[in-house]
Amino acid sequence: MVWSRPPGDPRVWSTVEAVKPDGKKVKFIIQEIPPSRYEEALDHLCTVFITSEPICRSINLIDDAESVAEVRAFWTTALNQGISIGAYEVDQNNQISKFAGMNVLTMGDKDDDKTITPVTSTMSGSQKLLTFMQNLSAEVDFCKKWGVDYYLGAAGLDVDTNYRRLGLGTHLLLARDKIAKAYNIPVSSTFFTSPTSQKTAKKAGFEVFWEKRWNDIVDDKGNVIFPGLGDTYCKVMEKKFKVWSTVEAVKPDGKKVKFIIQEIPPSRYEEALDHLCTVFITSEPICRSINLIDDAESVAEVRAFWTTALKQGISIGAYEVDQNNEISKFAGMNVLVMSNKGEDKTITPMTSTMSKNEKLLTFLHNLFAEVDFCKKWGVDYYLSAAGLDVDTNYRRLGLGTHLLLARDKIAQAYNILVSATFFSSPVSQKTAEKAGFKTFWEKPVKPDGTKVKFIIQEIPPNRYEEALDHLCTDFITSEAMCRSLNLIDDKKSVAELRSIWAIILNQGISVDAYEVDKNNLISTLAGLNVLMIQYNNAVKTIAPITSTISKREKLLATVRNCSMEANSSRKRAAGFYLKAAGLVVDPNYRRLGLGTHLLLARDKIAEEI
1 MVWSRPPGDP
11 RVWSTVEAVK
21 PDGKKVKFII
31 QEIPPSRYEE
41 ALDHLCTVFI
51 TSEPICRSIN
61 LIDDAESVAE
71 VRAFWTTALN
81 QGISIGAYEV
91 DQNNQISKFA
101 GMNVLTMGDK
111 DDDKTITPVT
121 STMSGSQKLL
131 TFMQNLSAEV
141 DFCKKWGVDY
151 YLGAAGLDVD
161 TNYRRLGLGT
171 HLLLARDKIA
181 KAYNIPVSST
191 FFTSPTSQKT
201 AKKAGFEVFW
211 EKRWNDIVDD
221 KGNVIFPGLG
231 DTYCKVMEKK
241 FKVWSTVEAV
251 KPDGKKVKFI
261 IQEIPPSRYE
271 EALDHLCTVF
281 ITSEPICRSI
291 NLIDDAESVA
301 EVRAFWTTAL
311 KQGISIGAYE
321 VDQNNEISKF
331 AGMNVLVMSN
341 KGEDKTITPM
351 TSTMSKNEKL
361 LTFLHNLFAE
371 VDFCKKWGVD
381 YYLSAAGLDV
391 DTNYRRLGLG
401 THLLLARDKI
411 AQAYNILVSA
421 TFFSSPVSQK
431 TAEKAGFKTF
441 WEKPVKPDGT
451 KVKFIIQEIP
461 PNRYEEALDH
471 LCTDFITSEA
481 MCRSLNLIDD
491 KKSVAELRSI
501 WAIILNQGIS
511 VDAYEVDKNN
521 LISTLAGLNV
531 LMIQYNNAVK
541 TIAPITSTIS
551 KREKLLATVR
561 NCSMEANSSR
571 KRAAGFYLKA
581 AGLVVDPNYR
591 RLGLGTHLLL
601 ARDKIAEEI
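Take 1 as the starting number for the sequence shown in UniProt numbering and just add one per residue.
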């Protein structure tokens with residue numbers, strides 16, 4: 001297959017700010033190189049880059065006009081793939097102006113030529129360079145190693161001499177994270193030729209998996225191909241974008257074993273389905289309870305269900321790693337699916353005439369329709385699952401926990417706010433607890449002995465007005481300063497405060513405590529904490545409080561002055577901090593510890609921010 005960039009304008013990946021040695025602040029945009037600036041990029045590669053890059057310099061490529069022309073043609077083909085990136089200084093109109101650096105990016109394909117061609121002493125400089133690069137890619141064979149159809153490669157990273165030592169090289173490499181996500185690229189590999197570029201790659205999260213001394217890389221006559229590089233190394237470094245973790249364990253026989261937990265490659269879907277339709281359904285409690293394995297038709301239908309789930313592309317597998325650090329034996333898996341708020345919420349009655357697979361799938365559908373996590377959490381989608389299992393040869397090594405823990409990174413990568421899963425056995429439930437899953441936090445008991453359950457979450461936008469009503473009634477009649485000013489009697493001040501609170505709520509991080517109803521959905525508002533981000537560059541003027549200002553002005557001036565005097569940003573040497581503008585619990589829910597839980601929620605909020 002041949003990968004091609006989707007049509008569209010050059011994409012912008014990041015904005016970078018830096019301070020030059022003369023103290024001048026400078027701003028850069030890292031984006032796909034516009035076709036109108038390809039010639040500028042090629043000119044840079046064929047002058048600045050080839051005179052400073054170690055292997056080009058070692059063969060004096062600049063002095064061979066024919067070789068330079070051949071390498072320019074190679075780079076032209078690479079640029080025409082449309083994904084190479086440039087760093088450009090931004091002018092006063094926020095438009096890209098001066099060229100500052102670049103990274104030639106290419107898509108390696110599983111069908112690329114894997115022929116190894118000997119480098120001969122009679123080759124030209126360009127032939128030696130391009131043959132060496134081709135041979136290295138063929139030898140490594142990244143598509144085979146990772147079981148993918150394509151990967152992100154590169155053929156030239158450089159920063160203009162006027163912009164070096166500003167960290168642009170690292171930012172150009174970090175841009176691959178967003179490129180990979182946008183174009184669904186699973187892994188990136190590049191060979192780095194100098195200690196400097198290798199160090200930069202390490203900063204950007206690349207890891208070495210192949211290296212060789214330059215002095216040991218020789219041609220057909222035994223001559224060093226790239227002389228003068230001393231005892232330095234050529235290093236092939238990789239960055240895996242959908243590999244979530246590496247796990248080491250010790251088997252009962254004392255043997256150490258290493259696993260990689262990653263998204264299941266499409267080439268291994270059938271293996272995963274075979275496992276689900278044999279090992280999993282004979283050990284999972286509800287599948288076992290209905291003897292699913294004995295009903296071939298039901299197994300086929302469940303297999304079709306799992307096939308659809310796998311094709312979402314986010315299910316994960318645990319694979320043992322072989323001596324070449326490549327994934328080998330299947331060790332476990334977790335079928336993951338994205339559920340969304342538009343899904344059918346119809347509850348279908350279970351009947352005795354249903355087939356085994358109908359009972360199973362209907363039960364699962366009804367369970368999630370009843371819970372309705374999107375409504376419960378006020379989100380558009382959430383991460384769910386439909387099968388967690390570890391192969392019998394790899395149990396009791398903690399892989400189940402690690403498969404569940406991988407959801408933390410998956411959620412971060414795909415901007416998922418919550419994950420929910422139905423766990424059917426005490427073993428899987430215990431594993432889920434180890435991985436940080438909670439059924440719910442402990443149920444408090446009201447004075448009358450009634451048990452009540454709450455959820456503390458970010459306030460859904462459709463409940464902002466309810467929160468504002470609560471602040472403008474219960475809060476201002478019970479909060480000490482508001483009460484001392486009789487703020488409730490000043491309608492104009494209350495209206496102005498409501499407007500301020502509305503602006504703060506729109507930051508989207510304020511939290512509410514909601515009672516949970518019998519359907520496990522959020523219902524009655526029980527308390528809230530208005531939260532906001534305060535930046536260090538906010539105005540820090542102490543405002544005098546006079547007898548002529550309104551109640552609202554007195555209240556806000558007091559709060560602002562206290563904040564300015566404490567100046568938390570400067571005290572903590574931080575660019576911003578989490579600030580609050582109202583904590584209250586409804587009178588019907590006081591003395592249950594909700595205030596404490598609302599404050600404790602800031603620990604998790606801070607981690608996310």
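Backbone N, C-alpha and C fix where the C-beta goes; we use that ideal spot for every residue, glycine too.
Here the structure is a predicted model, which is why all the values come from computation and not from measurement.
- Straight-line spacing of the CA atoms in Gly8 and Asp586 works out to 52 Å.
- Residue nearest to Ser245 within the set Trp214, Lys434, Leu404 is Leu404 (criterion: CA-CA distance).
- Pairing Ala138 with Lys114 gives a Cβ-Cβ distance under 8 Å.
- Scanning Leu468, Leu364, Asp322, Trp13 for the CA closest to the CA of Ala182 turns up Trp13.
- Each residue's CA atom was taken as its position, placing Gly169 and Val68 some 24 Å apart.
- Unbroken alpha helix (DSSP H) stretches of 4 residues or longer found wholly inside the stretch 233 to 288: 269 to 275, given in chain order.
- In the DSSP assignment, Gly156 forms no beta bridge with any residue.
- The Cβ neighbour count for Arg176, taken over all protein chains shown within 10 Å, is at least 16; the residue is labelled buried.
- With a cutoff of 8 Å on beta-carbon distance, Val279 and Asp389 are scored as near each other.
- Looking at the backbone, the Cα of Ser36 and that of Ser4 are separated by about 19 Å.
- Note on geometry: alpha-carbon atoms of Ile260 and Gly593 lie some 42 Å from one another.
- Across the structure, Tyr88 and Gln312 are spaced so that their CA atoms are roughly 37 Å apart.
- The C-beta distance from Thr106 to Gln127 rounds to 19 Å, too long to meet the 8 Å contact threshold.
- Secondary structure note for Asp512: its beta strand (DSSP E) is the uninterrupted segment 511 to 516.
- By the neighbour-count criterion, in which 16 or more other beta carbons inside 10 Å mark a residue as buried, Met350 falls on the exposed side.
- Setting aside the 5 residues that flank it on each side, Asp220 is surrounded in the same chain by Pro118, Thr120, each with a C-beta closer than 6 Å to its C-beta; the list follows chain order.
- From the listed residues Val26, Arg57, Glu358, Lys430, the smallest Cα separation to Ala100 is found for Val26.
- In the three-state reduction of the DSSP assignment, Thr76 falls in the helix class.
- His44 and Lys20 have their C-alpha atoms some 21 Å from each other.
- Annotated as distal: Cys56 and Leu136, with beta-carbon spacing of 8 Å or more.
- Bounds of the beta strand (DSSP E) holding Gln31 are 25 to 32.
- Cα atoms of Trp210 and Tyr394: separation of roughly 29 Å, rounded to the nearest angstrom.
- A check of alpha carbon separations from Asp474 across Gln457, Val494, Leu598, Ile286 identifies Val494 as the nearest.
- Counting along the chain, Trp214 sits inside no beta strand (DSSP E), nor does DSSP assign it H or E at all.
- Counted as a single uninterrupted DSSP element, the alpha helix (DSSP H) harbouring Glu608 occupies residues 594 to 608.
- For Asn340, the enclosing beta strand (DSSP E) begins and ends at 327 to 340.
- Annotation for Lys409: Trp244 place their beta carbon closer than 6 Å to its own, counting only its chain and skipping 5 residues before and after.
- Judged by DSSP in its simplified three-state form, Asn103 adopts strand.
- Selection Phe330, Thr76, Pro54 evaluated against Tyr233 yields Pro54 as nearest (Cα-Cα).
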